[in-house]
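When the letters of the sequence shown are read in order and numbered with the numbering used here, they come out as residues 85 to 407.
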Amino acid sequence: MIKRVVARAYANIALVKYWGKQPGFQNVPATPSISLTLKALRTETIIERKPGGDDIFIINDKSTDRISTKRLTDYLNVWRTNKLIDGKYSIKSTNRFPTKSGLASSASGLAALSIGLSAFSRRKISSAKLSKLARIGSGSAARSIVGGLASLPNTANPSARLLIPFDEIPWGMVVVEVDKAEKEIGSRRGMELSRKFSPYYDAWVGCAERDYRRMLKAIQVMDFTRVGEITENNALAMHACMIATRPSLLYWTSATVAILQAVKRWRNQGLESYATIDAGPHVVILARQVDLEKVAGRARRLKGVKSVMKSMPAGGAKIIKCS
Ligand code: PMV
């Protein structure tokens, strides 16, 4: 019987964003999404079978708070109810991120946890099934299971599909962390608020569906300019929907805006790069791998920037050790 598993997964940043859920509890996205998984955003998770008692969760060397403990226990219960695993577990997860911003850590965290749990399962779990299970934990985690450039449709019970493997992608990203003012509203709650209270929600869902189709075509021919334009426009459309939510989900700070403007300026000067923003103030810049250093160097000189980190693409979630 397996007692201890070490798993690894990388976070991803969406080029076409998932923002909004279909009704139900399974994190079925209302919008289809496409992402790039990033090598610099790595999570390592150790899962050990416990003789009894409750599940234990330690993230970055600290026990989880009541809300996270419940959320993660509920997630393990999904596996237990489906008779994929039994018993209780001790889970120790570490984000080996060069920044503390918590960028997309739910994607890598839930992907590492899911693949780790699959090692304890008596049943063979396919990659599609694993991606669906990860999605129940966190929508974006479904995409980190496959890595590279991955798509997640908004069909019933979707799983992520690998579009381009990580070692065939000539692009990377520069993660620009800015100083943060206050705690943001998390994606789960934020999506719900936008669905209920943003006058632009339906328009956003329609826009994301169109962007998704266009992005699939652009990726098929690896047209960097098209991919970049859709990426930036899609993020801005999502934020327009967020900002219009009543009360507003305004995740940006003045530094966020300054970076958006700088990226536009660099493009006009011939340094082709495109910005995207998740549910927070940080900006992630998509660029060709040959331009990553230049983009990072320029980003470091901007006001209000706390840290800058270059990243190459990464592959899917993996089991590192099993004993
Ligand atoms: O899967 P979640 O709950 O972390 O939501 C992800 C939401 C965004 O990061 C804003 C967009 C995305 O597709 O990753």
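By construction, the Cβ of each residue, glycine as well, lies at the ideal position given by its N, Cα and C atoms. None of the values given here were measured: they were computed from a predicted structure.
query	result
Does the ligand PMV have even one heavy atom less than 6 Å from the beta-carbon of residue 101?	yes
Can you find a CB in chain D that lies within less than 7 Å of the CB of residue 314?	Annotation note: the requested chain D is absent from the structure, which comprises a single protein chain.
Check residue 305 in the structure and name its three-state DSSP category.	coil
Comparing alpha-carbon positions, which option in 147, 334, 241, 311 lies nearest residue 369?	311
Among 342, 399, 349, 110, whose alpha-carbon lies nearest the alpha-carbon of residue 122?	399
Measuring only from the beta carbon, is residue 190 closer than 6 Å to any heavy atom that is part of the ligand PMV?	yes
In terms of DSSP beta bridges, what is residue 257 paired with?	370, 395
Based on DSSP bridge pairs, tell me the residues matched to residue 233.	120, 248
Might you give, ordered along the chain, the residues of its own chain that have their beta carbon closer than 7 Å to the beta carbon of residue 322, omitting 5 neighbours on each side?	101, 103, 288
Hey, would you say the C-beta of residue 271 is under 6 Å away from at least one heavy atom of the ligand PMV?	yes
Buried or exposed: where does residue 394 fall if 16 or more other Cβ atoms within 10 Å of its Cβ makes it buried?	buried
In angstroms, rounded to a whole number, what distance separates the CA positions of residue 31 and residue 112?	The structure shown does not extend to residue 31, since the chain spans only 85 to 407, so no value can be given for it.
Measuring CB to CB, does residue 180 end up less than 7 Å from residue 126?	yes
Would you mind stating whether residue 86 and residue 406 have Cβ atoms separated by less than 7 Å?	yes
To which residues of the same chain is residue 106 closer than 6 Å at the C-beta, ignoring the five residues directly before and after it?	112, 114
Given this structure, state the Cα-to-Cα distance separating residue 374 from residue 313, to the nearest angstrom.	19 Å
Would you mind working out which of 232, 256, 151 sits nearest residue 396, comparing C-alpha positions?	256
Tell me which same chain residues have a C-beta within less than 7 Å of the C-beta of residue 376, skipping the five on either side of it?	256, 258, 394
Whole angstroms is fine: what's the gap from residue 197's alpha carbon to residue 385's?	37 Å
Provide the residue span of the alpha helix (DSSP H) that contains residue 76, from first to last.	Because the chain is modelled from 85 through 407, residue 76 falls outside the range shown and cannot be assessed.
For residue 88, I'd like the list of residues in its chain whose CB is within less than 8 Å of its CB, leaving aside the five on either flank, ordered along the chain.	130, 131, 132, 133, 405, 406, 407
Closer than 6 Å: is that where the CB of residue 158 sits relative to any heavy atom of the ligand PMV?	no
With a threshold of 16 other CB atoms inside 10 Å of the CB of residue 149, please say whether the residue is buried or exposed.	exposed
From the DSSP output, read off the bridge partner residues of residue 195.	Residue 195 is not bridged to any residue.
Consider the C-beta atom of residue 55 and the heavy atoms of the ligand PMV; say whether any pair is separated by less than 6 Å.	Summary: the structure shown does not reach residue 55, with the chain confined to residues 85 through 407, and so no result is reported for it.
Would you decide whether residue 141 is buried or exposed? Buried here means 16 or more other CB atoms lie within 10 Å of its CB.	buried
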